[in-house]
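Structure first, commentary second.
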Amino acid sequence: MRRILIAGTGSGCGKTTASLLLMALLRESGLRVAPYKVGPDYIDPSFHSAVCSRPSHNLDTFLMERDDTLSLLDADADVAVIEGVMGYYDGLDVRTLRCSTWELARLTRTPVLLVVDASGGAASVAAQVKGFKTLREDSGLAGVLVNRVSGAGHFAQVSEAVRRYTGLPCVGYIPKNTRLDFPSRHLGLIPAEETPDAVQRIRQAAGALRETVDVPLLLKLMQQAPELPHERRRIERPDQPFRLAVARDEAFSFYYQANLDVLERMGMELTYFSPLRDAALPVGIDGLYLGGGFPEVFAQALSGNQGMRESIRAALEDGLPCYAECGGLLYLSQDIDGVPMVGFLPARCRMTERLQRFGYVQVEDRTGLCFPAHEFHHAMAEPLEGARMAYTVRKASAPQKAWACGFERKRTLAAFAHAHFLSHPELVRRFWG
233 MRRILIAGTG
243 SGCGKTTASL
253 LLMALLRESG
263 LRVAPYKVGP
273 DYIDPSFHSA
283 VCSRPSHNLD
293 TFLMERDDTL
303 SLLDADADVA
313 VIEGVMGYYD
323 GLDVRTLRCS
333 TWELARLTRT
343 PVLLVVDASG
353 GAASVAAQVK
363 GFKTLREDSG
373 LAGVLVNRVS
383 GAGHFAQVSE
393 AVRRYTGLPC
403 VGYIPKNTRL
413 DFPSRHLGLI
423 PAEETPDAVQ
433 RIRQAAGALR
443 ETVDVPLLLK
453 LMQQAPELPH
463 ERRRIERPDQ
473 PFRLAVARDE
483 AFSFYYQANL
493 DVLERMGMEL
503 TYFSPLRDAA
513 LPVGIDGLYL
523 GGGFPEVFAQ
533 ALSGNQGMRE
543 SIRAALEDGL
553 PCYAECGGLL
563 YLSQDIDGVP
573 MVGFLPARCR
583 MTERLQRFGY
593 VQVEDRTGLC
603 FPAHEFHHAM
613 AEPLEGARMA
623 YTVRKASAPQ
633 KAWACGFERK
643 RTLAAFAHAH
653 FLSHPELVRR
663 FWG
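Just so you know, we're using the numbering used here here: the sequence shown kicks off at 233 and counts up by one.
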């Protein structure tokens, strides 16, 4: 499949805007576009999915093994657009560039389109591009997309300078006045599910790019991507059927699409419900999955749905297997900043001004099972008497930094760490076995 990776010189250069606009532009050209995001992220993929009308997958060299990453790229589509994360070379280690967008581009042998901010510059933009091209001999850069351009004359200067000093083509530009300006909250953009006019605004902005982006040149760069031989992971199916209730609404929207796909490949029937609006859990379920999201934002509404809270608490007291991630942990706790929640876990939660944990971690549970994960939250869970901690967690970039996390009670496991099931299907049996 033809594919391109949209990389940035750093956070804030406009790569998310560029990725969304190019996805929309390619769709308007009649192509089926498969969207992807490098690294652990739930919010950007929600916008990808809205624009492309299909799920967006995360590609992550820390959470996933090589063949699993490549299998996700084996999609039924005409082209793939992969949005990078942070700056192109930024990852866990400045020497090895581990877990960077560059590492993912090299693994997938995907041509890279570098997004640069041209505000107030021309030849200096070329100097920046040259630095990215020469930092590694195998940089993988195939072209440049110029952002925040004041007009055609400005772009002509930048394009000439980039080609003269780096040999790379500029596929076009995004005008300086192209502003999507989606609202944000403490974890980044407000998800697309809560931004009803997102697709309309993106498509309108992409329409103007027909005059400023050379789509045939972009497709030509995409065609440089070679085929990627790989083996698709075999997923064992249990003998018995299993009906899994999955919380999904504005308060709980952080799920990796690959996780949901793995659950279905294992033979689980996924039944979605809303803790905000439904009166009780679905009937006849064998397990419960509470993903991440923003329960703190919707705390009053969640607390006000007393029927759902009582339904969940009673089911967990009766031994229903439950796995809860991050926001799910908050919801099962006694309260969030004094607002009553389900009240099943011996913990009280409070929100903080700054991030408490951020980045990749290695998790070991009490059975000795180890797996990679990531954390990203502004919350703290304070254990109460009788709390049983589930995990020992180590920071991936500094393994000497370790802490206890997560709670186990009856057949419920809840923790801040977000796991990826595709390369570790044993986690499914651990959480709902």
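C-beta: ideal position from N, C-alpha, C; glycine also.
Length of the line joining the Cα atoms of residue i and residue j
{"i": "Pro-343", "j": "Asn-409", "result": "28 Å"}
{"i": "Thr-248", "j": "Asp-276", "result": "7 Å"}
{"i": "Ala-636", "j": "Ser-281", "result": "35 Å"}
{"i": "Gly-244", "j": "Ala-546", "result": "46 Å"}
{"i": "Gly-666", "j": "Gly-523", "result": "No answer is possible for residue 666: the residues shown for the chain start at 233 and end at 665."}
{"i": "Asp-567", "j": "Ala-611", "result": "12 Å"}
{"i": "Ser-506", "j": "His-652", "result": "23 Å"}
{"i": "Leu-460", "j": "Asp-310", "result": "16 Å"}
{"i": "Gly-363", "j": "Val-571", "result": "51 Å"}
{"i": "Gly-353", "j": "Ala-440", "result": "23 Å"}
{"i": "Phe-414", "j": "Leu-252", "result": "12 Å"}
{"i": "Arg-465", "j": "Ala-490", "result": "12 Å"}
{"i": "Glu-369", "j": "Leu-346", "result": "16 Å"}
{"i": "Ser-543", "j": "Thr-293", "result": "39 Å"}
{"i": "Met-233", "j": "Arg-641", "result": "46 Å"}
{"i": "Glu-501", "j": "Glu-658", "result": "18 Å"}
{"i": "Arg-259", "j": "Arg-442", "result": "12 Å"}
Neighbourhood of residue i by C-beta, 8 Å cutoff - its chain only, sequence neighbours within 5 removed
{"i": "Thr-503", "result": "Arg-475, Leu-476, Ala-477, Val-478, Pro-514, Ile-517"}
{"i": "Pro-458", "result": "Arg-341"}
{"i": "His-462", "result": "Arg-298, Asp-299, Leu-302, Ser-303, Asp-306"}
{"i": "Leu-492", "result": "Val-478, Leu-502"}
Enclosing beta strand (DSSP E) for residue i [first to last residue]
{"i": "Glu-607", "result": "602-609"}
{"i": "Cys-554", "result": "554-557"}
{"i": "Phe-526", "result": "Unbroken run through Phe-526: none, as it is neither H nor E."}
{"i": "Asp-471", "result": "Premise fails: Asp-471 is in no beta strand (DSSP E) and is neither H nor E."}
{"i": "Tyr-592", "result": "589-597"}
Residues that residue i bridges to, as DSSP identifies them
{"i": "Leu-502", "result": "Leu-476"}
{"i": "Ser-565", "result": "In the DSSP output, where bridge partners are listed per residue, Ser-565 has none listed."}
{"i": "Val-403", "result": "DSSP output for Val-403 lists no bridge partner at all."}
{"i": "Glu-315", "result": "Ile-238, Lys-269"}
{"i": "Thr-644", "result": "Cys-554, Arg-641"}
{"i": "Gln-455", "result": "In the DSSP output, where bridge partners are listed per residue, Gln-455 has none listed."}
{"i": "Asn-290", "result": "Lys-269"}
{"i": "Arg-330", "result": "According to DSSP, Arg-330 bridges with nothing at all."}
{"i": "Ser-416", "result": "Leu-421"}
{"i": "Leu-520", "result": "Ala-477, Cys-554"}
{"i": "Ala-345", "result": "A small correction: the amino acid at residue 345 is Leu; Ala does not occupy that position in the sequence shown. DSSP output for Leu-345 lists Ile-238, Gly-375 as bridge partner(s)."}
Under the three-state DSSP convention, the category residue i falls into
{"i": "Lys-365", "result": "helix"}
{"i": "Thr-584", "result": "coil"}
{"i": "Cys-637", "result": "strand"}
{"i": "His-280", "result": "helix"}
{"i": "Ser-350", "result": "Note on identity: in this sequence residue 350 is Ala, with Ser being the wrong assignment. Coil, per DSSP."}
{"i": "Met-612", "result": "strand"}
{"i": "Thr-249", "result": "helix"}
{"i": "Asn-491", "result": "helix"}
{"i": "Ser-655", "result": "coil"}
{"i": "Ala-424", "result": "helix"}
{"i": "Val-515", "result": "coil"}
{"i": "Arg-298", "result": "helix"}
{"i": "Leu-449", "result": "helix"}
{"i": "Leu-460", "result": "coil"}
{"i": "Leu-534", "result": "helix"}
{"i": "Val-571", "result": "strand"}
Residue i: first and last residue of the uninterrupted alpha helix (DSSP H) it sits in
{"i": "Arg-541", "result": "538-549"}
{"i": "Ala-438", "result": "430-440"}
{"i": "Tyr-623", "result": "Looking at the DSSP string, Tyr-623 is not in any alpha helix (DSSP H); the run it does join, the beta strand (DSSP E), is 621-627."}
{"i": "Phe-484", "result": "Per DSSP, Phe-484 belongs to no alpha helix (DSSP H); it is in the beta strand (DSSP E), 484-486."}
{"i": "Val-394", "result": "384-398"}
{"i": "Asn-379", "result": "Not the alpha helix (DSSP H): Asn-379 falls in the beta strand (DSSP E), residues 373-381."}
{"i": "Glu-335", "result": "333-340"}
{"i": "Arg-325", "result": "Position check: residue 325 holds Asp in this sequence, whereas Arg was assumed. Neither: Asp-325 is in no alpha helix (DSSP H) and is coded neither H nor E."}
Close-in-space but distant-in-sequence residues of the same chain around residue i (CB under 7 Å, 5 per side omitted)
{"i": "Pro-423", "result": "Ile-275, Ser-278, Ser-485"}
{"i": "Val-394", "result": "Val-357, Ala-358, Val-361, Val-376, Leu-400, Cys-402"}
{"i": "Arg-580", "result": "Ser-565, Gln-566, Asp-567, Glu-614, Leu-616"}
{"i": "Ala-646", "result": "Ala-556, Gly-560, Leu-561, Leu-564, Leu-577, Gly-638, Phe-639"}
{"i": "Pro-604", "result": "Phe-294, Leu-295, Tyr-592, Gln-594"}
{"i": "Tyr-656", "result": "The sequence shown places His at residue 656, not Tyr. Excluding sequence neighbours, His-656 sits near Phe-603."}
{"i": "Val-625", "result": "Val-593, Val-595, Ala-634, Trp-635, Cys-637, Ala-649"}
Cut-off 6 Å between Cβ atoms - residues of its own chain near residue i, not counting five sequence neighbours on either side
{"i": "Tyr-487", "result": "Gly-523"}
{"i": "Val-317", "result": "Val-270, Gly-271, Thr-333"}
{"i": "Leu-291", "result": "Tyr-268, Val-270, Thr-301, Leu-336"}
{"i": "Asp-349", "result": "Cys-245, Asn-379, Arg-380"}
{"i": "Phe-608", "result": "Phe-590"}
{"i": "Gly-266", "result": "For clarity, residue 266 is Ala in the given sequence; the question names Gly instead. Result list for Ala-266: Ala-307, Ala-309, Ala-312, in chain order."}
{"i": "Cys-331", "result": "Thr-293, Phe-294, Gly-323, Leu-324"}
{"i": "Lys-365", "result": "Ser-371, Leu-373, Thr-398"}
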